[in-house]
Structure formats: C-alpha cells, structure tokens
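Chemist:
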Amino acid sequence: MTSLARGAGTANRRARSRGARSWMRGPAPVALLFLLPALIALIVLRLAPAGVALVDSLYRESLLSGTTFVGLGNYLELFANPDFQNSITVTLLFTVIVNPLQVAAAFLLAVLFTRKAAGSRFWRSLVILPIAVPPAVSAVIWSVIYRPDGLGNGILAVFGIPPQSFLTSPEQSLMSIIVLLSWIGVGYWMMFLIAGINDVPGEYYEAASLDGASAWRQLWTITFPLVRRPLAFVLVADTVSNFLIFAPVQILTKGGPNGSTNLLMYDIFTRAYTFADVNKAQAEVVILVLITIVIVALQFRLLRTED
Amino acid sequence: MTVSAPRRSSVQRRSSQRHSGRRRPSTRRSVLFIGTTLLAAVAGIAFFAPLWWSFVNSLRPGSETFRYLNPLQWQTFFTLTPTLDNYTALLDTDLSRAILNSLIVSVVTVLAGLAVCATAAFGLSAFRFRGQGLLFSVVILTFLIPFDAIAIPLSDMFRDWNLQNTFVGLILPGIGNGMAIFLLRTFFLAIPEELVEAARLDGLGWWGVFTRIYLPLSRPALIGAGLMLFLFQWQAYVWPLLMGTDREHILGPVALSNLQGQFQVDYGVLFAASMVLVLIPLIIILSFQRYFIQSVTTSGMK
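Chains as they are written, first to last, in UniProt numbering: chain A, 1 to 307; chain B, 1 to 302.
(1) Do you know offhand how far A:T274's Cα is from A:I145's?
(2) Is it true that the segment 43-51 of chain A meets the segment 149-165 of chain B, where meeting means three or more beta-carbon pairs spaced less than 8 Å apart?
(3) Report yes or no: is there a C-beta of chain A within less than 8 Å of the C-beta of B:P50?
(4) Report the CB separation of A:L252 from A:S143 in whole angstroms; it is logged as a contact under 8 Å.
(5) The segment 142-166 of chain A: which residues have C-beta closer than 8 Å to a C-beta of chain B, in chain order?
(6) With a threshold of 16 other CB atoms inside 10 Å of the CB of A:L288, please say whether the residue is buried or exposed.
(7) Tell me, please, whether the segment 153-173 of chain A touches the segment 188-206 of chain A by the rule of three or more beta-carbon pairs shorter than 8 Å.
(8) For A:G66, write down the residues that DSSP places opposite it in a beta bridge.
(9) Using the rule of at least 16 other Cβ atoms within 10 Å of the residue's Cβ for burial, across every protein chain shown, is B:P50 buried or exposed?
(10) When the Cβ atoms of the segment 210-228 of chain A are set against those of the segment 213-232 of chain B, are three or more pairs found closer than 8 Å?
(11) If we cut at 8 Å on Cβ distances, does A:R301 have a partner in chain B?
(12) Return the CA-CA distance between A:I295 and A:F243, expressed in angstroms with no decimal places.
(13) Does the beta-carbon of B:P82 have 16 or more other beta-carbons within 10 angstroms, so that it is buried, or is it exposed?
(14) Please tell me whether B:V269 has its Cβ less than 8 Å away from any Cβ of chain A.
(15) For a contact meaning CB atoms closer than 8 Å, what does B:S257 contact in chain A?
(16) Please specify which runs of the beta strand (DSSP E), each continuous and at least 3 residues long, are wholly inside the segment 53-138 of chain A, giving them in chain order.
(17) Would you say residue 350 of chain B lies against chain A (beta-carbon separation less than 8 Å)?
(18) Distance, Cα to Cα, A:T270 vs B:A236?
(19) Could you give the residue range of the alpha helix (DSSP H) that holds B:F158?
(20) A:V158 to A:S176, Cα distance in whole Å?
(21) DSSP three-state call for residue 304 of chain B: helix, strand or coil?
(22) Pull up the distance between the alpha-carbon of B:A43 and that of B:R67, whole angstroms please.
(23) In whole angstroms, what separates the C-alpha of B:A89 from that of B:Q260?
(24) To the nearest whole angstrom, what separates the beta carbons of B:F158 and B:G169, a pair I think is in contact under 8 Å?
(25) Buried or exposed: which applies to A:Q299, given that a residue is buried once 16 or more other Cβ atoms fall within 10 Å of its Cβ?
(26) Could you pull the start and end residues of the alpha helix (DSSP H) that A:A276 belongs to?
(27) To the nearest angstrom, how far is the alpha carbon of A:E206 from that of A:L109?
(28) Hey, is the segment 264-275 of chain B in contact with the segment 53-67 of chain B, meaning 3+ C-beta pairs nearer than 8 Å?
(29) Measuring CA to CA, which of A:F233, A:L264, A:S241 and A:S57 is closest to A:R301?
(30) Considering just the uninterrupted stretch of the alpha helix (DSSP H) at B:G226, what are its terminal residues?
(31) CA-CA distance, B:R290 and B:P281?
(32) Pick out whichever of A:F246, A:W220 and A:A281 has its Cα sitting closest to the Cα of A:I178.
(33) CB A:A38 to CB B:A120, shorter than 8 Å?
(34) Counting only beta-carbon atoms, is A:F34 nearer than 8 Å to chain B?
(35) Could you check what DSSP says for B:Y291 in three-state terms: helix, strand or coil?
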C-alpha cells in the first residue's frame, strides 16, 4: 500500500512538471484508449451492480401495485425480521471467532517457520499446500471427514475423545466450518507474515540476545511490533474475505441446523432465490458492501498513518 | 553505510558467540532446535493430512473409503494396491466435462484479463495527463467492492443480457481485476522514462512501446498477475453457481458439490475429482512459486 500512495504522488508531480498543455493535444487521448477496456469492465462489472443494488433496495415489487418507492422500508423490515437478525448475529459471532483465530495461528506458524529447525522449508510448504484447494473442494473433502464414521471421529478416538456430531449439531456446526476454512486460509496469511518477519533486520535480535533477552521476550518486544503493518493488513484482508463466505455453508449445512451457520452471504442467496424477495436481498447486498467498504477504508487509513 | 553495516554485525556475532559460550549454549540451543523441529513437523503434518488422506482415497475403491477409520491404522493413510480406476471412471462422468470447462474459462480469463489489465496499467504509468489520478482512484474504488458481494445483482443484469449459461457470462467478470492492474502498474512505474523517450524519438508508436518495451520487461509481473486471474476463476463458486449450471457450462467446483449432495456417492470418484481440482492449481502455483509469492506480497503491502 505504501507504493500506492508513493506512485500516485510521483504521477501528480510529473503531471505538474509538464506545465499547462492542451489536454487533447497531449497524451491523454492515447492513454484513455489504453485504459478504456479495463475502465468499462470495472464500471459495468463492479460499480454498476452496486448501484443497481442500491436503487433496487429502495423499491418494492408486487403483483398488485407494480413497482413502488418505499425509501428505507426494505431496510426497516429486514432489521425487524428474526431470520435476518439471526443471520447478523451468526455473522458477527463468526467474525469475532474466525479472524483472531486465523491471524493468531498464521502469526505463530510464521514465527515457528522462521526459526532454525530441521526441514523447516519442507514443513512450511506442507502448511502452504492447502491454499491451492478451492473453498468448494475443501467443503466437499471435509464433508467426508465430518461424517459420523469419517476421519474426524477416527482421529478423535485416538485421543480417547467420544464421537462428535460436527455439522449436524447447532453447537459445533459453525466451528466445523471455521476449521475447514482455516485449513485453506491460514497458510495463505502466513506467507504475508513470513515476508514481514524476514524484513526485520537480524541485528535487532543479536542486540537483544546480547542484552540477555529470552526468545519469548524477543518475540513480543521485537518481532510483534515490527510486523504490525503486515499483521494489520492480514487482519483486515482476512476479515473482508470471511464476510463473503458462501461455498461451505451452501454445500454442507444450508445455513442450519437451526440457522446456526446462516452467514450473511447465504442469507442473501436464499432471500433472492428461495424466497424470491429480490428487493430485500438487494438491501442486504448494500449492507454487505457497506460493511466491506468500511473495513477496507479502515485498512487504507491504518496503513497510511503509520508511514 | 552499506560497507560498515555488515562489519558491525559480524563483530556483534562474534561477541554474542563469546557471551553465550559462558552460558553453556549447546545443550539449550539443541533442545530449542529439536523442539522447534518437532512443532514444525506436527504443524506440517496436521495441515497435510486431510490432503494426503484424500489423495490415498482417490487411489482406492470408493467402498474402502471408510474401512480403515475405526480404529485408525497405517492403512488409513497408505495403500499397497493403488489403482487409477477412479480417475478413468471420472472420464465417463459429467465431472470431466466440468473440469474441462473450468480449464477453458480460467485460461481464457488469464489471456483476456492480462490484455485488459496490462493495457490499463500501461495507460496509468507510461503517460502523464490530467485526470490520471481520478482514473486510478476508480481502479482503487473497485478494490473496495469485493466481487462476491455484488455477484447477485450482477447476475440479474447478466440474465437480462441473455448471458446466463454462456462462457462469455462466466469469463467476463474475471477479466477486469483491479488488483492485477495495481500490481502491473507498480511494476511498469519502475521502467525508466529515458527508455520510452528514446524509443519514441526513434519513431516507435505507443503500441510499439507497450508491446516491445513494457511487456518483454515485465514478465515476472505478468506471470504474477496471470496467476491472480487464474486462481480467481479456478476458485470461484458463487458466480458459476449463479451463471452456468447446465450440462455444457457447469464448472468443476459446482459439479463436484452437486455430486456430494447426491444420495448414492462413489467416494472414490469424488476424491479423484477433488484431487484433479486441487492438483491443477497446485502444479501451476508450484512452478511459478517465486512469482506467486512476489505478487501476493506486492499486491498486499509493498
């Protein structure tokens, strides 16, 4: 993100140094031609649907009276709807558990794999391999692991733990989904943090060892503060991606049992296609987009102010 | 500065060795080494086990998937009679067609997407003009709106345009990728201006500057951006579920999840299909590992 700000800065400076030259006679028209396909794609395929969702969310369609403007009516009804309230609660609970869990796991693994150990690179690549697994495929593989007679209970039995119900129990279903997502997610975020840890100058540790600081103290007083930036980035990027979880819910639990895994994306999907309540679904899309915009904007601020 | 820094650190290293020599370091250090190795191995094996188990299951008949799980035994994770029967059986199902569709969609996305994103990045880095900052912020703005979040309204639009169950409908959303433009632009900005000015004086047109100077110099960034576009399509699930569900256009992940939902499942074939869907991106990531890590960290932070 730093070069983003830096790059924009140099572009501005360059533009100014050129002085006042007629815009049309300058390179602008050629540059626009180069930019045109991407701009059309981005505007039509990313920005327009968000605009459509916003407009649709303010209307209501019915067979009797056609399309009518209802203002924030759809939003008010949504927030009064117990299913939507439950979906918001589940999504928040999920967010509060999954993100700290994945970031902490990624950080500890990154620390572990930047220490001296036999075959460190090999073990590290084993942790990274699952990032190639598409979320839908991960869901299918874990559906077999989570079966009552599957690998999950087989491994628990080795430790003397009785069989668990995993996806079919309202208490365990959300946690089961978190596990299968972390399997493909943690290695990915770990790569960012390993890059961050490797950027910390080795002299810092040498100086700390000279002063007799233990490895544990070095972790919290040197490594942790110096990888704050990558950590903040990973936390925010992970949070955004976890707001958009859909495949495991749709494939494994259909939001159940008892709505215990009814995450926002799946709630939008069922509202739009199962209940055919398109306008309220669009209102939910707007809420989802707003949440992600706030988080990403936060990321930009976090990373910029620390420069 | 660059000369003195290593010298100082080597002095420090020597003195730190002397220091720790007094605190009988060899045993402490080797205990730490062994402990770290053990932890690293446990973590590596824990992450690898589900993948390996799926792989072994793809090599034995579906009837044996659950045979060695209670209690766990060495056959759980190994088989002495591996067979490729599941993979040949896969060829007779609709799944092979779906995986082929996934390949077509992903490869076309990479080619078309690179053309669109590289030209845009060129427009944002080789020229200087008023309004450039504004256009760049449009690209940045699209970062703010993740694709999956707007997939449902976009699918309504595509349905109106009769793009449902077409390859065009499946491919289009993948080609305009703000992240890829951003990555390529960062790389393009490092290309010296003098090079461009010299080429322009020699009479090379802008298209020539783009194809003869920028593209050949930017192979690592192009590979990184290509990987990004490929993985976006290969891992997609929401969009292919909304856009292409008929037999001719269904994509691998959707077809696989349909199979999982059926009453009678041949788990051998299920695992074989999963393995193909995992191995294709895995081989691509591993062969371009360097560029992948570079692109991941560049687009993220640097």
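Note that beta-carbon positions come from the ideal geometry of N, C-alpha and C, so glycine has one too.
Modeler: Taking the coordinates as given:
(1) A:I145 has its alpha-carbon roughly 29 Å from the corresponding atom of A:T274.
(2) Counting Cβ pairs under 8 Å, three or more are found: they touch.
(3) Cβ-Cβ to chain A under 8 Å: yes for B:P50.
(4) Yes, A:L252 and A:S143 are in contact; Cβ-Cβ is about 6 Å, under 8 Å.
(5) Going along the segment 142-166 of chain A in chain order, one finds W142, S143, V144, I145, R147, D149, G150, L151, N153, G154, I155, A157 and V158 with a Cβ nearer than 8 Å to chain B.
(6) Buried, since its Cβ has 16 or more Cβ neighbours within 10 Å.
(7) Three or more Cβ pairs closer than 8 Å define a contact, and the segment 153-173 of chain A falls short of that threshold against the segment 188-206 of chain A.
(8) According to DSSP, which records beta bridges pairwise, A:G66 is partnered with A:S62.
(9) B:P50 comes out buried.
(10) Three or more beta-carbon pairs separated by less than 8 Å are not found between the segment 210-228 of chain A and the segment 213-232 of chain B, which leaves the two stretches without contact.
(11) Taking CB atoms only, A:R301 has no neighbour in chain B less than 8 Å away.
(12) If I take the Cα positions, the gap works out to 10 Å.
(13) Exposed, by the Cβ-count rule.
(14) Chain A contact via Cβ: absent.
(15) Near B:S257 (Cβ distances below 8 Å), the residues of chain A are A136, A139, V140, A247, Q250 and I251.
(16) Correct list: 59-62 and 66-69.
(17) Within the shown structure, residues of chain B are numbered from 1 to 302, placing residue 350 of chain B beyond reach of any answer.
(18) Their Cα atoms are separated by approximately 19 Å.
(19) Element bounds for B:F158: A151 to D160.
(20) The straight-line gap from Cα to Cα measures roughly 19 Å.
(21) Past the boundaries of the shown model lies residue 304 of chain B; chain B is included only from 1 to 302, so the question cannot be answered.
(22) When only Cα atoms are considered, B:A43 and B:R67 end up about 26 Å apart.
(23) For the pair B:A89 and B:Q260, the Cα-to-Cα distance works out to about 16 Å.
(24) So it is a contact: roughly 5 Å between Cβ atoms.
(25) It counts as buried.
(26) Counting along the chain, no alpha helix (DSSP H) covers A:A276, and no H or E run does either.
(27) Between A:E206 and A:L109, the C-alpha separation is close to 22 Å.
(28) Verdict: yes, contact present.
(29) Looking at the Cα atoms, A:F233 is the closest of the given residues.
(30) That run of the alpha helix (DSSP H) goes R219 to Q235.
(31) A direct Cα-to-Cα measurement between B:R290 and B:P281 gives close to 15 Å.
(32) Nearest C-alpha to A:I178: A:F246.
(33) Going by C-beta atoms, A:A38 is nearer than 8 Å to B:A120.
(34) Yes, because at least one Cβ of chain B sits closer than 8 Å to the Cβ of A:F34.
(35) Helix, per DSSP.
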